[in-house]
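Quick notes on the structure that follows.
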Amino acid sequence: MKALTIRGVEPEVAEKLKIAARKQGKSVNNLILEFIKISLGLKKEKKFSRKYDDLDALFGRWNDDEFKKINNSITRQRQIDQDLWE
Numbered sequence: 228m229k230a231l232t233i234r235g236v237e238p239e240v241a242e243k244l245k246i247a248a249r250k251q252g253k254s255v256n257n258l259i260l261e262f263i264k265i266s267l268g269l270k271k272e273k274k275f276s277r278k279y280d281d282l283d284a285l286f287g288r289w290n291d292d293e294f295k296k297i298n299n300s301i302t303r304q305r306q307i308d309q310d311l312w313e
């Protein structure tokens, strides 16, 4: 691999690069390489990064009334009938 040197990097730019690299858990070198690849159109896109929503209709959320009904039902089922254990 070829090594390149970038001269004339302003301190503010260098500091921002360090902060961005730290946030992403990368070295500054890897961060800059990624920036270069993206800007040149060389970065490969992840194949499975697309979000799908075709199954959303099968899942839902309970509103407060539904939650209370379900929770009360579960709570009643958890009660131990002492007469059965005697």
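Positions in the sequence shown are counted from 1; adding 227 to them yields the working numbering. Every residue gets a Cβ at the ideal spot worked out from N, C-alpha and C, and that includes glycine.
Within 7 Å, strictly: CB atoms of residue i and residue j
{"i": "Leu269", "j": "Val255", "result": "no"}
Reduced DSSP category for residue i - H, G, I as helix; E, B as strand; rest coil
{"i": "Ser254", "result": "coil"}
{"i": "Ala315", "result": "Past the edges of the chain, shown from 228 to 313, lies residue 315, and the structure says nothing about it."}
{"i": "Asp292", "result": "helix"}
{"i": "Glu272", "result": "coil"}
{"i": "Asp308", "result": "coil"}
Inter-residue spacing [alpha-carbon to alpha-carbon] between residue i and residue j
{"i": "Ile263", "j": "Ile297", "result": "54 Å"}
{"i": "Arg234", "j": "Lys274", "result": "36 Å"}
{"i": "Arg272", "j": "Ser266", "result": "Checking the displayed sequence, the identity of residue 272 turns out to be Glu instead of Arg. The straight-line gap from Cα to Cα measures roughly 13 Å."}
Rounded Cβ spacing between residue i and residue j (contact assumed at less than 8 Å)
{"i": "Gln251", "j": "Leu260", "result": "Rounded, the Cβ-Cβ distance is 12 Å, inconsistent with contact."}
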